[in-house]
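Working notes for the structure below.
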Amino acid sequence: MKYKWYRLTHWEFWPMWAIYLPCIFYYAWISIKSRSFGFFNAVNPGILHGGMTLEDKNFINKLLPQEYRAKSFLLQDDIDLEKIESIMSAGGLKYPVILKPNNGCRGRNVELIHSRQCIKKYLQNFRKEDLLLEEYIDYPNEIGIFYVRFPNEKKGFISGIVEKKGIEVRGDGRQTLTELIAYNLRYHQFYPEIFQNGVYNKDYIPENNERIILSSIGNHARGSTFYDASEKTSQKLNDVFNEICSSLDGFYYGRFDIKFNTWEELEAGKNFKIIELNGAASEPTFIYDPKHSYFFGIKKIMEHWGYMYRIASINKEMGHHFTNTKDCWILLKEFNPFAV
């Protein structure tokens, strides 16, 4: 009961529909002003539907400068273990690697793959959809940088930064890993899943104060904690992302998910990799910092939707079109974000 109460009283764990319900009225208002519920199509003209729903991750990856993006390979048609390992060998990839759907959101079915056996298990569940095979970037830090640029301005700005911390525990010399996870208010929900790939010994007893990292994937829906690191925004960091985005034709709004070595090197444009770029459907995920209130989150969501409206309006004047109502309904049937 206490675990359910914890999640009920911490809004970051609420279902999507509950979080976004008050924002629907604001979206309706800006849609009326736009005279289209599909104004999002003009937010990022270089991405299908502006990146509002189930964007093609492989296509977006190829928009990014090669020196800044993680290696990735699209897997289609008759995917099997031998084919994947052949691609890994040709592409210079070694275990661990990342497997994830080519069309997805909020970390859906993203897995860190440690072995051939893990690939077999993954394919048993997800081989019927297009997948991305991606190199695992071993930098110690992971963040999401939300970038906004208005089409009539040469430079954009960073509207927020989220710092992502995976699941980790500290031993007390008495409890097993299973107990440390199962009795943790935050991690309780995830403990069966953590041990299902066989990488960690659930009966292992960590020594007193021993730090064990059980998940390094920055996925809030899979147990990671998000912290608001927006105070680390700097002119140097803005300059780095203005330079990157200057080469992204038709991109004005979205979140870069990044792994990097140190903040100093990141500000210098060194030792970092973009592991994913999301478009119009991007959340300002720094709102999920446990210190932030629900009302702070709602305010920031609507603030960012306001940016989308302004960008789309300017782009429409430049000749880009909005999605019509019929296509909006088709998109909603294809992907309902409130079911996530």
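Per UniProt numbering, the sequence shown starts with residue 1, numbered consecutively.
C-beta atoms are modelled at their ideal positions from N, C-alpha and C, and glycine is treated no differently.
For the set N271, L214, F296, the Cα lying nearest the Cα of E12 is the one of F296. The Cβ atoms of D257 and G144 sit closer than 9 Å to each other. Annotation for H49: N41 place their beta carbon closer than 6 Å to its own, counting only its chain and skipping 5 residues before and after. DSSP, reduced to helix, strand and coil, places G91 within a helical segment of the structure shown. Taking a contact to require three or more Cβ pairs closer than 8 Å, the stretch 117-126 and the stretch 254-268 do not qualify as touching. Every unbroken stretch of the beta strand (DSSP E) spanning 3 or more residues and falling wholly within the stretch 116-173 is given here in chain order: 131-135, 141-148, 157-165, 168-170.
A straight-line Cα-Cα distance of about 12 Å links L132 and R108. For N209, same chain residues with a beta-carbon under 6 Å away, outside a window of 5 residues either side, are R170 in chain order. R211 has its alpha-carbon roughly 12 Å from the corresponding atom of G173.
In this structure, P206 keeps its C-beta atom at 9 Å or more from the C-beta atom of L185. Under a 10 Å Cβ-count criterion, P45 is classified as buried, with 16 or more other Cβ atoms of the shown protein chains found around its own Cβ. DSSP places S72 in the uninterrupted beta strand (DSSP E) bounded by 72-75.
Membership of E303 in any beta strand (DSSP E) is not indicated; the residue belongs instead to the alpha helix (DSSP H) covering 294-317.
In the DSSP annotation of this structure, the continuous segment of the alpha helix (DSSP H) that includes I194 starts and ends at 191-194.
Beta-bridge annotation (DSSP): D257 is paired with G144, E276. An exposed status is given to M318, since fewer than 16 other beta-carbon atoms sit within 10 Å of its beta-carbon. By DSSP's assignment, Y227 forms a beta bridge with E163. Inter-residue distance for I30 and K316 is about 14 Å (C-alpha atoms, whole angstroms). Sixteen is the threshold: since fewer than 16 other Cβ atoms of the shown chains lie within 10 Å of the Cβ of M1, the residue is exposed.
Short of 7 Å from the beta carbon of G91, and not among the five residues preceding or following it, lie these beta carbons of its own chain, in chain order: K71, F73. Taking C-alpha positions only, D138 is separated from K326 by approximately 44 Å. Distance from the Cα of W5 is smallest, within the candidate group I60, Q189, I79, for Q189. Secondary structure of R108 (DSSP, three-state): coil. By the C-beta density criterion, N61 is buried, having at least 16 other C-beta atoms within 10 angstroms.
Linking R69 to I274 through their CA atoms gives a straight-line distance of about 5 Å.
Pairing I213 with V43 gives a Cβ-Cβ distance that is not under 9 Å. With fewer than three CB-CB distances shorter than 8 Å, the stretch 149-156 does not count as touching the stretch 266-281.
DSSP places G46 outside both helix and strand once states are collapsed to three, so it counts as coil.
For T285, the CB contacts under 6 Å within the same chain, skipping 5 residues up- and downstream, are G144, V162, F226 in chain order.
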